[in-house]
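To keep things clear, I will list the structure first and then write my remarks on it.
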Amino acid sequence: MKNHRILGFLCAIVSAVSYGLNPFFGLHLYAEGYRPFSVLFFRFLFASAMLGAVMALRRRSFTVPRKSWLPLCFEGVMLFLTCLFWFLSFEIMSSGIAATLLYTYPAMIAVILAVFFREKITLNVIVGIILAFSGVACVCKGGGNVVSALGVLYVTLSALTYSFYIIAVQKTNLRDLPSETLTFYATIFAAVLMFAVLGFGTKIQMLHTWSAFGNALGLAFFTSLISFLLLAVAVKNIGETKAAVIGALEPITAVAIGVFAFAEPMTGMIFIGIVLVLAAVSCVIIKKQKA
142 MKNHRILGFL CAIVSAVSYG LNPFFGLHLY AEGYRPFSVL FFRFLFASAM
192 LGAVMALRRR SFTVPRKSWL PLCFEGVMLF LTCLFWFLSF EIMSSGIAAT
242 LLYTYPAMIA VILAVFFREK ITLNVIVGII LAFSGVACVC KGGGNVVSAL
292 GVLYVTLSAL TYSFYIIAVQ KTNLRDLPSE TLTFYATIFA AVLMFAVLGF
342 GTKIQMLHTW SAFGNALGLA FFTSLISFLL LAVAVKNIGE TKAAVIGALE
392 PITAVAIGVF AFAEPMTGMI FIGIVLVLAA VSCVIIKKQK A
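Under this note's numbering, the first residue of the sequence shown is numbered 142, with each subsequent residue one higher.
Quick look at the structure:
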């Protein structure tokens with residue numbers, strides 16, 4: 142039992158750090174002149190191919206009930222939007238700050254469930270929501286020229302669409318679908334949507350260098366395949382609540398990469414804001430465990 146818990150915690154840590162590498166690979170591709178649209182197209186394309194290969198090797202079923210196709214299409218649209226808005230945000234603002242603001246989505250989920258599904262909001266959740274918005278305010282105030290109003294809008298829309306993505310899994314028949322299958326088809330739908338947005342392939346910026354190909358492959362491999370598979374192992378061994386709390390390493394990783402790899406500034410007010418956002422998420426998640 143102890144070994145299983147250690148394995149679970151290690152997988153949760155590696156999963157969170159892997160997902161926090163999104164800005165690392167994305168910003169390197171931006172530096173070579175690639176736009177978010179082409180970057181995400183290759184991420185979705187490579188990720189769906191990798192997930193499909195893993196499912197085939199593990200002999201997982203690709204079958205989806207007919208009634209699940211419409212919700213799956215919705216999930217593909219939400220995945221497309223949440224990734225697009227997030228990658229657009231750290232094209233114009235600090236990637237670490239963008240990753241931290243994105244992490245407010247658990248508080249958004251709590252509000253949406255309370256308003257539209259009449260789920261009870263407890264004191265923990267109220268405190269979490271207050272802390273989340275206080276943290277966002279601190280980040281925006283202390284960010285100076287590294288935080289833009291448009292960037293904050295992009296991240297807010299990203300967190301909102303990701304909230305809808307998660308709620309759709311909870312409230313539709315997708316909850317009975319294996320998570321591997323759900324993610325596989327969602328990434329395929331997202332890739333098709335991005336292909337259409339890019340003029341059905343006519344506006345795609347092809348990967349002309351080995352470094353661009355490597356970064357696009359790393360983006361799909363680490364932030365999609367490795368992060369997803371290890372998270373599944375972590376949830377199985379330590380539970381989704383502990384895995385979600387360890388997920389706080391995602392924005393911390395992104396902040397560290399921004400500061401040390403891309404020389405993004407870090408002020409005292411930004412640091413306080415990050416701490417408040419992480420505390421807010423902990424309040425919301427811990428309450429879910431108690432419930």
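Note that beta-carbon positions come from the ideal geometry of N, C-alpha and C, so glycine has one too.
Could you give the DSSP three-state label for residue i: helix, strand or coil?
i	result
Pro406	coil
Leu261	Looking at the sequence provided, one finds Lys at residue 261 rather than Leu. If DSSP states are grouped into helix, strand and coil, Lys261 belongs with coil.
Arg176	coil
Thr343	coil
Tyr295	helix
Ile289	One detail in the question is off: residue 289 reads as Ser in this sequence, not Ile. Three-state DSSP puts Ser289 in coil, outside helix and strand.
Pro319	coil
His169	helix
Thr324	helix
Gly149	helix
Ser159	helix
Leu334	helix
Leu348	coil
Tyr303	helix
Thr394	helix
Tyr244	coil
Thr313	coil
Lys431	In this predicted model, Lys431 has a pLDDT of only 46, less than 50, meaning its place in the structure is not dependable enough to derive any value.
Excluding the five sequence neighbours on either side, which residues of its own chain have a C-beta within less than 6 Å of the C-beta of residue i, listed in chain order?
i	result
Leu334	Phe221
Gly269	Ala248, Ala421, Cys424 and Val425
Asn144	none
Ala432	At Ala432 the pLDDT is 46, less than 50, meaning the model places this residue with poor confidence; the figure from the coordinates comes in the next sentence. Cβ within range, chain order: n/a, list empty.
Arg207	none
Leu213	Tyr326
Thr394	Val158 and Gly161
Asn163	Thr364
Cys152	Leu371, Val374 and Ala375
Val400	Met407
Looking only at its chain, what residues have a beta carbon closer than 7 Å to the beta carbon of residue i, apart from the 5 residues adjacent to it on each side?
i	result
Leu229	Pro177 and Tyr295
Phe369	Thr324
Asn356	Phe166, His169 and Leu170
Leu225	Pro177 and Leu181
Please report the Cβ distance between residue i and residue j, rounded to the nearest whole angstrom; I am assuming they are in contact, meaning their Cβ atoms lie under 8 Å.
i	j	result
Glu321	Met191	That pair is no contact at about 11 Å.
Phe354	Leu348	4 Å
Tyr244	Pro392	5 Å
Phe203	Ala332	The pair is not a contact, with the Cβ atoms about 16 Å apart (cut-off 8 Å).
Leu371	Val155	5 Å
Short of 8 Å in beta carbon distance, which residues of its chain neighbour residue i, apart from the five on each side in sequence? Order them along the chain.
i	result
Lys261	Ala255
Does the beta carbon of residue i sit closer than 7 Å to a beta carbon anywhere in chain C?
i	result
Phe221	Absent from the structure is chain C; it holds one protein chain and no more.
message: Which runs of the beta strand (DSSP E) at least 3 residues long sit entirely within the segment 200 to 236? Give them in chain order.
response: If we require 3 residues or more, the segment 200 to 236 turns out to have no beta strand (DSSP E) run fully inside it.
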